[in-house]
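One structure is given here, and the rest of the page talks about it.
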Amino acid sequence: MTGGIVANETANTFPKLLERNAHIRGKRVAIREKDFGIWQSWNWSEVAKEVRSLACGLQVIGVNRGDKVMVCGDNRPDLYWSLTAVQALGGVPVPVYQDSVADEMQYIYEHAEATFAIVENQEQVDKVLGIKDKIPSLKGIVYTDTRGLRHYNHPSLYDFAVVQEEGRKYDAANPNFYKEKISSGAGEDICIMLYTSGTTGRPKGVMLSFDNMIITSANCSELEGLSDQDDILAYLPMAWIGDNIFSFAQSYVSGYCVNCPESSETVLEDLREVGPSYFFAPPRIFENILTTAMIRIEDSAAIKRKMFHFFMNVAKRVGLDVLDSKPVSLGDRLLYWLGDILVYAPLKNVLGLSKIQLAYTGGVAIGPDIFIFYRSLGINLKQIYASTEAAVFITIQRDGEVRPETSGKPALGVELKIAEDGEVMFRSPGVFQAYFKNAEATHSTKTDDGWVHTGDAGFIDGDDDLRIIDRSNDVGKINNGAMFAPNFIENKLKFFPHIREAVTFGDGRDNVAAFINIDQESVANWAERRNLAFSGYTDLAGQDLVYDLIQECVESVNKDLAGDENLKSSQIKRFLILHKELDADDGELTRTRKVRRSVVVERYGELIEALYSGKTSCEVEAEVTFEDGRKDNIRANLKIREAIINGGTQAIAADTAYGGK
Amino acid sequence: MSQERRIGDVILKVDNVSLAFGGVKALTNITFDVCEGEVRSIIGPNGAGKSSMLNCINGFYKPTEGIITFKGESHSQMETHQAASQGIARTFQNIALFKGMTTLDNVMTGRNLKMRKNFLWQSLYYGPAMREELEHREAAERVIDFLEIESIRKTVVGRLPYGLQKRVELARALAAEPDMLLLDEPMAGMNYEEKEDMCRYILDVNDEFGTTIVLIEHDMSVVMDISDRVVVLDYGQKIADGDPDEVRANQRVIDAYLGVQHD
């Protein structure tokens, strides 16, 4: 063990931590929500009262110890309070992705043996009522937003406010009830169950204990020096482990304030208003923010554009050294200082990143250029390697030792090893207890002495930093014997702002081929500037000029791959642009937006065959699922293009620079 | 927790109304009523006189004959601002927003009739006028929240897509806290999803605030789904009136929409 914190008896569950926070920092703001255009806030003592009345109310409607209570909706204070209230009663909250379609939801409700559901609004109530008959264990549904629900007279529906009101009455009559309940909670109790997105097969319910969550959170707060002065924006799905750690567990442990955006569409604006000091975003979001900023820079006046590019080059040259406190010449320091006044600070302010002390990204690899862009602006963006089974943190990049290609060193309390076949394994206080009702999977993932198989291939480099190569299940072989690491190639493709998603094939084939999804915003803007007319996504994706554009990207990746002896066989020979976006509602992506390869292979088998035949186009029909579950067909004739493959080993850096295109 | 939707007494009565532009008879002896809390639709083929009917109700056109009674007060001639202050708000077939203003400012104009402080107070701003503005801002924010247009609160309306502009227009009408809302083709030119959303909002408005809704719409499936009663006009004449099922089965309506075979 490399140190770490052990939770003590009085603060080993979240309800106890809440009492502690109400006691030691009762007047500090615990959570904010933007509502009716104004940031409304609750301090720790108010949150403690809200949770207490809710817990008592849930007791009244029949929530018992061990009950699984589903929680579903956007990031809202009352849903976060629900987590603690359920935990106070000894129940296990199970957050569910709010955009799940009925099938997925039914599977999770059935599997978890849900007894109650606390949901946000009419949409979610409708979904649960729709599957209620098939879930005999389900006894009640609590909703927080009454709108549109006035005429629902289902006996098992409860208004959140009414439940709390009943709770207050119960609490007045039984003043010792709540205290006794929370003091009976223990660190080893299961505190939350999260369903993993599952790139392969059905989702699995990961059970984590209070100790897992609290010790892991405390270790990270200790390492990074988080305190109750910090602010975070809670905008990622509650059903994802990351949000649970960043917006819930760490806030309870460190006492910092969680800010809930007004709606999912206003996140970027709310980010600007809040100006968080601690921030997590998957690479996708950093890419989006950058793409939007670049589009606006390209549309701005020439003088601003020139100034931007000039100072961004300065930042690229010296920004990283300034951030890592390495020696920089006086002239460069002055230039950087000037750039900060003229470009970096205003830009960070517009992006809402002015106050960032610590920003993390993880989940999938981030493009080095994007990563360096943010760091060179003076934003302390670091990569982590994370997993639900570890309660997030496995490795964290250390301040001053940040390199784009690594995932950093083990977090406090984490042990890391590489198995003989190259698989990354870890052991930590955050290691999950078990998969719910799936002893077989638990057994194959977690060894008897507590080591967890991550399923990712990687190695530890000369600086003791972990580097991830690919998911080991996905790594295959091309027919000439060369290794084929699809994620690696796909990430290279996705670093181009015009490419949103890519799926590559090559295992057991003679060469590599790819499906490309264009990024609608970026490509549409590009098309507009060229006066290229298009009617919609499918039309845009099929245009010859767009194919030319994507071909440039593919060929530039090929050049890059050709420079590496191991990867030169992985150059992409043929590619096509898909006529629709891969979508989680169609099962092609997980809810955390990772590609489900098997589904894609099954659904687009014809297209894959066409890529490996001599055809130059292929007719395709694909089913799309709307959010309400209706289905429709999209038909298109897709062109197939051949890209230039480089023979030699010339090392030509891919032109992935921002602004370069 | 539940009560049935309450449909009350007659709130608007249109009695024998005719409207002529010179020799063109836009409406001929139209009689129908609207009850408090209901969703009432006016349908008919192009040029049937639907918009004219709506314009008569809110005082934009003055009927040549006949009487319109709103909340017990009868008028043959009424000005638009009188209609507005009596609690009638409307949206337009061709969006009539202030394109250069933000969504919030547009919604705030819906509160205009409720502002009591005069021009001088308002130019002073600090003091009573500010307090008043804050109250109205709160009301506007409630509407913005209700229609889920928070993300475009500060966006200039002219830059918004058509479907959203329609929603902003509905927001402005709602900000006036009307008793009766006149919607002129709220779903024209929308795609399926936008239509679905708009239906939801109309029903929610009716449900949450008990607002009476008079609706003109082309899309028959929408009308039949959300209306309590339907009036059918053709060439300025009323040819049917009743609940959606009756209207659907009415031979004259079928003829008007599908045409009649001529021997």
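The listed protein sequences derive, respectively, from chains A and B.
Position 400 of the first sequence, counting from 1, maps to 1224 under our numbering, and the rest follow consecutively.
Position 104 of the second sequence, counting from 1, maps to 1331 under our numbering, and the rest follow consecutively.
Every residue gets a Cβ at the ideal spot worked out from N, C-alpha and C, and that includes glycine.
List, in chain order, every chain A residue whose beta-carbon is nearer than 8 Å to that of residue i.
i, result
"ARG1386/B", "Under the 8 Å cutoff, chain A gives no residues; its nearest Cβ is about 14 Å from ARG1386/B."
"GLU1306/B", "Result: empty, since nearest Cβ-Cβ is about 34 Å, beyond 8 Å."
"GLU1375/B", "SER1087"
"ARG1338/B", "Within 8 Å Cβ-Cβ: nothing; ARG1338/B doesn't reach chain A, min ~15 Å."
"ARG1394/B", "By Cβ distance, chain A contributes nothing, its closest Cβ being about 13 Å from ARG1394/B, past 8 Å."
"ARG1475/B", "Within chain A, no residue comes near ARG1475/B; the closest Cβ sits about 24 Å away, beyond 8 Å."
In its own chain, which residues sit with a C-beta less than 6 Å from the C-beta of residue i, not counting the 5 before and 5 after it?
i, result
"ALA1477/A", "Because the pLDDT at ALA1477/A is just 39, under 50, the model does not fix this residue reliably, and the point stays unresolved."
"CYS896/A", "VAL920, GLN922, VAL943 and GLN948"
"ASP1334/A", "ASN1303"
"PHE1195/A", "PRO1228"
"VAL1237/B", "ASP1260 and CYS1262"
"ALA1338/A", "ALA1326, THR1328, ILE1396 and PHE1399"
"LEU1239/B", "VAL1261 and PHE1297"
"ALA1316/B", "ALA1400, ALA1403, PRO1405 and LEU1408"
I think residue i touches residue j, with their Cβ atoms under 8 Å apart; what is that distance to the nearest whole Å?
i, j, result
"GLY1463/B", "LEU1331/B", "Not quite, the Cβ-Cβ distance comes to about 40 Å (not below 8 Å), so this is no contact."
"ASP1331/A", "GLY1300/A", "3 Å"
"CYS1081/A", "VAL853/A", "5 Å"
"ALA1243/A", "MET1249/A", "5 Å"
"GLU1461/A", "SER1441/A", "Reading the sequence as shown, one finds Asn at residue 1461/A and not Glu. Contact flag correct, Cβ pair sits at about 6 Å."
"ASN1083/A", "ALA1058/A", "6 Å"
"VAL1467/B", "VAL1474/B", "Before going on, a small fix: residue 1467/B reads as Ala here, not Val. Yes, they are in contact, since the Cβ atoms of ALA1467/B and VAL1474/B sit about 5 Å apart, within 8 Å."
Using a Cβ-Cβ cutoff of less than 8 Å, which residues in the same chain neighbour residue i once the five nearest sequence positions on both sides are dropped?
i, result
"GLU1229/A", "PRO1192 and ARG1291"
"ILE959/A", "GLN930, TYR933, GLU934 and ALA938"
"TYR1371/A", "ILE1401, LYS1463 and ARG1465"
"ASN1243/B", "ASN1256, ILE1257, THR1258, GLU1292, GLY1293 and ILE1294"
"GLN1392/B", "ILE1322, LEU1324 and VAL1384"
"ASP1035/A", "ALA831, ASN836, GLY1011, GLU1012 and PRO1253"
"ARG900/A", "GLU857, GLU944, THR968 and CYS1084"
At a CB-CB cut-off below 7 Å, which residues of chain A make contact with residue i?
i, result
"ARG1431/B", "Going by the sequence as given, residue 1431/B is Asp instead of Arg. By Cβ distance, chain A contributes ARG971 and GLY972."
"SER1448/B", "Residues of chain A passing the Cβ test: none, with the nearest at roughly 15 Å."
"SER1454/B", "Ordered by position in chain A, no residue passes the 7 Å Cβ test against SER1454/B, which lies about 17 Å from the chain."
"ARG1399/B", "By Cβ distance, chain A contributes nothing, its closest Cβ being about 16 Å from ARG1399/B, past 7 Å."
"ARG1233/B", "The contacting residues do not exist; ARG1233/B stays about 11 Å from chain A at best."
Which chain B residues are close to residue i, counting only those with a beta carbon under 7 Å from its beta carbon?
i, result
"LEU860/A", "A small fix is needed here, since residue 860/A is Phe in this sequence, not Leu. What PHE860/A touches in chain B: GLU1365, GLU1368, ARG1369 and ASP1372."
Cβ closer than 9 Å: which chain B residues qualify as neighbours of residue i?
i, result
"THR1230/A", "Under the 9 Å cutoff, chain B gives no residues; its nearest Cβ is about 37 Å from THR1230/A."
Beta-carbon within less than 7 Å of residue i's beta-carbon, same chain only, minus the 5 sequence neighbours each way: which residues are those?
i, result
"LYS789/A", "Look at the range of chain A in this structure, 825 to 1485, and you will see that residue 789/A is not part of it."
"SER1045/A", "GLN1074, VAL1077 and SER1078"
"ARG1233/B", "GLY1264"
"PHE984/A", "ASP902, VAL966, TYR967 and THR968"
"GLY1484/A", "With a pLDDT of 35 at GLY1484/A, under the threshold of 50, the predicted position of this residue should be treated as unreliable, though the coordinate-derived value follows. Excluding positions up to five away in sequence, the list is empty."
"ASP1145/A", "VAL1152"
"TYR1389/B", "GLY1416"
"LEU1246/B", "ALA1253, LEU1254, SER1279, CYS1283, TYR1288, PRO1290 and THR1291"
### Message
Which complete alpha helix (DSSP H) runs does the segment 1002-1055 of chain A hold, if anything under 4 residues is left out?
### Response
1034-1048
### Message
For the segment 1265-1278 of chain B, list every residue whose C-beta sits within 8 Å of some C-beta in chain A, in sequence order.
### Response
none
### Task
May I ask you to list, following chain order, the residues of the segment 1086-1120 of chain A that have a beta carbon less than 8 Å from some beta carbon of chain B?
Taking 8 Å as the Cβ-Cβ cut-off against chain B, the residues of the segment 1086-1120 of chain A that qualify are GLU1086, SER1087, GLU1089, THR1090 and GLU1093.
### Task
Report the residues of the segment 1405-1439 of chain B with a CB closer than 7 Å to any CB of chain A, ordered along the chain.
ASP1431, ASP1434 and GLU1435
### Task
Just list the alpha helix (DSSP H) runs in the segment 1306-1364 of chain B, keeping only unbroken ones of 4 residues or longer that don't cross its boundaries, in chain order.
For the segment 1306-1364 of chain B, whole alpha helix (DSSP H) runs of length 4 or above, ordered along the chain, are 1307-1313, 1330-1336 and 1346-1351.
### Message
To be precise: take each residue of the segment 1349-1362 of chain B, compare its Cβ to all Cβ atoms of chain A, and keep it if any distance is under 8 Å. Which residues remain?
### Response
Taking a C-beta cut-off of 8 Å against chain A, none of the residues of the segment 1349-1362 of chain B qualify.
### Query
Fully enclosed by the segment 1360-1421 of chain A, which alpha helix (DSSP H) runs are 4 residues long or longer?
1361-1366 and 1368-1386
### Query
Taking Cβ-Cβ distances below 7 Å as the criterion, which residues of the segment 1300-1334 of chain B are in contact with chain A?
So nothing in the stretch comes that close.
### Query
What are the uninterrupted segments assigned as alpha helix (DSSP H) that are 4 or more residues long and contained completely in the segment 1216-1296 of chain A, given in chain order?
As far as the segment 1216-1296 of chain A is concerned, its whole alpha helix (DSSP H) runs of at least 4 residues are 1263-1269.
### Residues, ordered as in the chain, of the segment 1238-1252 of chain B that lie near chain A by beta-carbon distance below 7 Å
none
### Message
In chain order, what are the residue ranges of uninterrupted beta strand (DSSP E) at least 3 long that sit wholly in the segment 828-860 of chain A?
### Response
853-859
### Query
Can you give, in chain order, each stretch of the alpha helix (DSSP H) that sits fully within the segment 1050-1111 of chain A and has at least 4 residues?
Complete alpha helix (DSSP H) runs here, min 4: 1065-1068, 1074-1078 and 1091-1098.
### Query
Enumerated in chain order, which unbroken segments of the alpha helix (DSSP H) with a length of 4 residues or greater are wholly contained in the segment 877-960 of chain A?
901-912, 926-936 and 946-956
#### Entry: Uninterrupted beta strand (DSSP E) stretches inside the segment 1382-1438 of chain B (no shorter than 3 residues)
1407-1411
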